[in-house]
Amino acid sequence: MNIPEPILSIMKRLEPHYQVYLVGGFVRDAVWGKESFDVDMCTDSPVQECAQIFKDLRPSIYEPYGIKFKHNEYDIEISILRKETGTQDLRHPEIMEAVDSIEIDAKRRDFTINTLYCDSEGLIHDPLAAMNDVLGYRLKFVDDPYTRIQEDALRILRFYRFIAQHNLNYDRESYKVCKKNIDLLNKLTLRQMRDEFIKLLMSEGFQELVLSAPWLLSEIFDEYRIAYHFDQKNSYHQYSLYEHSIRVVGACPYDESIRLAALFHDLGKLETQVIEDGQGRYPNHAKVSAAIAQRYLIEMELPKKQCLFIVSLIENHTLRFERTTSHFQHLIRKHGEVWVRSLLALKRADNASKSSKASYQLDNCDEFDGIVNTIIKENYPVSVQDINASSEKILELGIKKEQLSKVKEDILDRLIDGLLENNEEAILSYCKEAWL
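See below:
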């Protein structure tokens with residue numbers, strides 16, 4: 013195995029006194045021919061001694077497990093070789109003991125495909141004879157599946173995530189044990205599951221996986237248990253609420269915020285359905301969906317700014333767009349280009365996951381995308397920075413400084429609405445007439 017020089021240099025700093033191996037995903041991905049920038053190493057160096065060796069790289073210390081730091085483009089984690097016994101909370105071992113053997117260390121790991129070790133010479137060590145599983149893309153727990161998930165319930169979600177992310181075959185017994193014990197996920201908080209869940213959400217195989225294993229989402233989000241059998245009773249929808257929502261996620265770009273918005277965008281329908289003339293209607297479901305999403309996003313402890321962005325997408329996913337440039341200029345002015353393009357992506361995915369009756373809406377999305385592209389390409393005004401008259405020139409007219417912000421917003425309104433030309437002479441002339 014070829015080891016990139018920046019990684020090899022880290023290994024060499026430990027080697028004079030300690031064992032050090034690359035392990036887990038980095039080695040597995042190398043065997044699969046995939047490039048990885050998340051690097052796991054293991055060593056028999058004590059944590060504090062390891063931290064001292066790499067003090068110039070300002071490592072974060074995670075007692076008693078190891079250290080983490082950034083080196084060039086690589087995120088490196090160095091953990092101690094160890095044996096783990098029991099569990100105190102379905103996440104962490106009750107007893108941890110440092111060892112000097114990769115054979116012992118391998119037995120505490122989750123899946124056999126993560127038990128390959130590589131020394132600094134590039135020689136791969138396979139203490140559990142797992143190479144056939146790696147080469148066969150076969151997902152299997154180390155030893156007894158039930159024991160592994162009792163040690164750490166998050167491994168259930170991780171099992172499903174690996175299938176979706178890496179398109180893996182799986183051991184039938186492992187799959188059966190995960191399904192049978194899916195309720196163990198209830199013992200975990202959404203914050204504990206967040207990173208694994210988002211990796212699953214961002215996986216190419218997300219849609220196929222959760223459509224075939226609906227019990228997974230149903231265990232994590234209560235609404236999805238009801239959504240699985242929820243008939244939308246609308247001619248524009250050919251799928252249950254569950255399948256529609258999952259297909260919307262699958263049709264979205266690989267953007268975390270857009271996919272999270274898609275996941276929650278219609279769950280408010282569970283509380284708002286009314287039947288009119290035999291058709292299901294959902295007044296204010298976007299607002300109710302946004303409230304449901306906000307609760308879950310807060311539990312996930314996502315950054316506040318991202319939460320607000322996602323909630324805003326959901327609240328506005330039923331917004332009716334106008335076929336005018338000025339309409340989209342105002343939207344970009346208020347929310348920003350990223351938000352507008354994200355909302356368009358969500359609406360496109362939403363409409364692509366309905367019945368054929370909604371296909372015309374995809375043509376509308378093409379038209380709206382074209383309008384936004386024109387606005388950006390032609391530099392149409394969308395913010396006060398686009399006004400072709402400086403603040404100094406406006407103030408020189410005698411306008412008070414405390415009025416300047418309102419004056420510029422007024423100018424921008426008129427520029428967007430086509431009531432004023434965007435040149436200095438016209439703008440200053442208007443200011444004299446309207447503000448003096």
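Per my numbering, residue 13 is the first one in the sequence shown, and the count goes up by one each step. Beta carbons are placed, not taken as given, at the ideal position from N, Cα and C, and that holds for glycine. It should be emphasised that the depicted structure is a prediction, and the values quoted were computed from it without experimental measurement.
**OP:** Measure the C-alpha to C-alpha separation of glycine 382 and alanine 357 and round it to an integer number of angstroms.
**Re:** Residue 382 sits at position 370 when you count from the first residue of the sequence shown. Residue 357 sits at position 345 when you count from the first residue of the sequence shown. Each residue's alpha carbon lies about 13 Å from the other.
Original post:
Cβ of isoleucine 423 within 7 Å of Cβ of tryptophan 447?
Top reply: Residue mapping note: residue 423 aligns to position 411 of the sequence shown, counting from 1. Residue mapping note: residue 447 aligns to position 435 of the sequence shown, counting from 1. Contact flag unset, no.
**OP:** Go ahead and label arginine 40 buried or exposed: buried means 16 or more other beta carbons lie within 10 angstroms of its beta carbon, across all protein chains shown.
**Re:** The residue given as residue 40 occupies position 28 in the sequence shown. Looking at its Cβ environment, which holds 16 or more other Cβ atoms inside 10 Å, arginine 40 is buried.
Original post:
How is threonine 386 classed by DSSP in three states: helix, strand or coil?
Top reply: What you label residue 386 is simply residue 374 of the sequence shown in a count that begins at 1. Residue state, collapsed to three classes: helix.
**OP:** Take the Cβ of tyrosine 266 as the centre, count every other Cβ of all protein chains shown within 10 Å, and call the residue buried at 16 or more, exposed below.
**Re:** To locate residue 266, count along the sequence shown from 1; it is residue 254. Burial call: exposed.
Original post:
What are the complete alpha helix (DSSP H) segments, minimum 4 residues, inside the stretch 247 to 274?
Top reply: 253 to 263
**OP:** Tell me whether glycine 134 sits in a helix, a strand or coil according to DSSP, three-state version.
**Re:** Counted from its first residue, the sequence shown places residue 134 at position 122. Here glycine 134 sits in coil by DSSP.
Original post:
On the three-pair Cβ rule with 8 Å, is the stretch 337 to 354 touching the stretch 421 to 439?
Top reply: yes
Original post:
Since serine 247 and lysine 359 are thought to touch, with beta carbons under 8 Å apart, how far apart are those beta carbons, to the nearest angstrom?
Top reply: Residue numbering aside, residue 247 sits at position 235 when the sequence shown is read from its first letter. Residue numbering aside, residue 359 sits at position 347 when the sequence shown is read from its first letter. With a Cβ gap of about 19 Å, serine 247 and lysine 359 do not count as contacting.
Original post:
Are three or more beta carbon pairs between the stretch 174 to 182 and the stretch 202 to 210 nearer than 8 Å?
Top reply: no
Original post:
Can we say the stretch 323 to 333 touches the stretch 222 to 232, given the rule of at least three CB pairs closer than 8 Å?
Top reply: no
Original post:
Under the DSSP definition of a beta bridge, which residues are partnered with threonine 97?
Top reply: Taking the first residue of the sequence shown as 1, we reach residue 97 at position 85. Paired residues: Ile107.
Subject >> Segment limits, alpha helix (DSSP H) that includes arginine 184 >> reply: By 1-based counting over the sequence shown, the position of residue 184 is 172. Residues 184 to 192.
Subject >> The beta strand (DSSP E) enclosing valine 35, as first and last residue numbers >> reply: By one-based count along the sequence shown, residue 35 stands at place 23. Where valine 35 is concerned, the enclosing beta strand (DSSP E) stretches over 32 to 35.
Original post:
My guess is that asparagine 400 and asparagine 435 are in contact by the Cβ rule of under 8 Å, so how many angstroms apart are they, rounded?
Top reply: Residue mapping note: residue 400 aligns to position 388 of the sequence shown, counting from 1. Residue mapping note: residue 435 aligns to position 423 of the sequence shown, counting from 1. Asparagine 400 to asparagine 435, Cβ: 6 Å. Contact.
**OP:** Flag this pair as touching only if the stretch 34 to 48 and the stretch 66 to 83 have three or more C-beta atom pairs under 8 Å; answer yes or no.
**Re:** no
Subject >> Coil, strand or helix - histidine 83 by DSSP >> reply: Here residue 83 refers to the residue found at position 71 when the sequence shown is read from its first residue. Of the three classes helix, strand and coil, the one that applies to histidine 83 here is strand, per DSSP.
**OP:** Output the distance between the C-alpha atoms of tyrosine 187 and lysine 119, rounded to the nearest integer angstrom.
**Re:** The residue labelled residue 187 in the question sits at position 175 within the sequence shown. The residue labelled residue 119 in the question sits at position 107 within the sequence shown. Going by the C-alpha atoms only, they are around 20 Å apart.
Original post:
Going by alpha carbons, who is nearest to histidine 104 out of Val394, Ile232, Leu200?
Top reply: If you number the sequence shown from 1, residue 104 lands on position 92. Looking at the Cα atoms, Leu200 is the closest of the given residues.
Original post:
Taking the Cβ atom as the reference point for each residue, do tyrosine 392 and glutamine 341 lie within a distance shorter than 7 Å?
Top reply: Sequence index remark: in the sequence shown, residue 392 carries index 380 (1-based). Sequence index remark: in the sequence shown, residue 341 carries index 329 (1-based). A contact, by the Cβ cut-off of 7 Å.
Original post:
Is glycine 78 near isoleucine 92, with beta carbons less than 7 Å apart?
Top reply: Here residue 78 is taken as the residue at index 66 of the sequence shown, counted from 1. Here residue 92 is taken as the residue at index 80 of the sequence shown, counted from 1. Taking 7 Å as the Cβ cut-off, glycine 78 and isoleucine 92 qualify as a contacting pair.
Subject >> Test: glycine 37 CB closer than 7 Å to a CB of chain D >> reply: The structure shown contains no chain D; it holds only a single protein chain.
Original post:
Can the beta-carbon of valine 59 be found closer than 7 Å to that of isoleucine 19?
Top reply: For the purposes of this step, residue 59 is taken as residue 47 along the sequence shown, with counting starting at 1. For the purposes of this step, residue 19 is taken as residue 7 along the sequence shown, with counting starting at 1. Against a cut-off of 7 Å, the Cβ pair of isoleucine 19 and valine 59 comes out as no contact.
**OP:** Please state if the CB of valine 189 and the CB of tyrosine 158 are separated by a distance shorter than 7 Å.
**Re:** Start at 1 with the first residue of the sequence shown, and residue 158 comes out as number 146. Start at 1 with the first residue of the sequence shown, and residue 189 comes out as number 177. Yes, these two residues count as a Cβ contact at 7 Å.
**OP:** Starting from the C-beta of serine 269, find all residues in its chain whose C-beta is less than 8 Å away, skip the five residues before and the five after it, and write them out in chain order.
**Re:** Here residue 269 corresponds to residue number 257 of the sequence shown, with the count starting at 1. Here the set comprises Gln318, Phe321, Ile322, Leu325, Ser354.
Original post:
Taking buried to mean at least 16 other C-beta atoms within 10 Å of its own C-beta, is glutamate 89 buried or exposed?
Top reply: Mapped onto the sequence shown, residue 89 falls at position 77. That one is buried.
**OP:** With a threshold of 6 Å, establish whether the CB of isoleucine 439 neighbours any heavy atom of the ligand ZN.
**Re:** Among the ligands in the structure shown, none appear at all, so the ligand ZN cannot be discussed.
Original post:
To which residues of the same chain is threonine 127 closer than 6 Å at the C-beta, ignoring the five residues directly before and after it?
Top reply: Residue 127 sits at position 115 when you count from the first residue of the sequence shown. Excluding sequence neighbours, threonine 127 sits near Ala118, Arg121, Leu140, Ala142.
**OP:** Identify the continuous alpha helix (DSSP H) that holds glutamate 288 and give its terminal residues.
**Re:** Locating residue 288 in the sequence shown gives position 276, counting from the first residue. From DSSP, glutamate 288 is part of no alpha helix (DSSP H) but of the beta strand (DSSP E) over 286 to 288.
Original post:
If you run the structure through DSSP and keep just helix, strand and coil, what is tyrosine 308?
Top reply: Along the sequence shown, read from residue 1 onward, the residue named residue 308 stands at position 296. It is helical.
Original post:
Per DSSP, what kind of secondary structure is serine 72 in: helix, strand or coil?
Top reply: Here the question's residue 72 lines up with position 60 in the sequence shown. In this structure, serine 72 counts as strand in the three-state DSSP scheme.
Original post:
Could you give the residue range of the alpha helix (DSSP H) that holds glutamine 162?
Top reply: Locating residue 162 in the sequence shown gives position 150, counting from the first residue. Looking at the DSSP string, the run of the alpha helix (DSSP H) that includes glutamine 162 is 157 to 163.
**OP:** Ignore the nearest five residues each way along the sequence and tell me which others in glutamate 106's own chain have a CB closer than 8 Å to its CB.
**Re:** Locating residue 106 in the sequence shown gives position 94, counting from the first residue. The residues are Thr97, Gly98, Thr99, Gln100.
**OP:** Check the C-beta distance from phenylalanine 174 over to phenylalanine 218 and give it rounded, since I have them as a contact under 8 Å.
**Re:** For the purposes of this step, residue 174 is taken as the residue at position 162 of the sequence shown. For the purposes of this step, residue 218 is taken as the residue at position 206 of the sequence shown. Not confirmed; about 12 Å, so no contact.
**OP:** Note the first and the last residue of the continuous alpha helix (DSSP H) segment covering glutamine 219.
**Re:** Sequence index remark: in the sequence shown, residue 219 carries index 207 (1-based). Run containing glutamine 219: 218 to 224, per the alpha helix (DSSP H) assignment.
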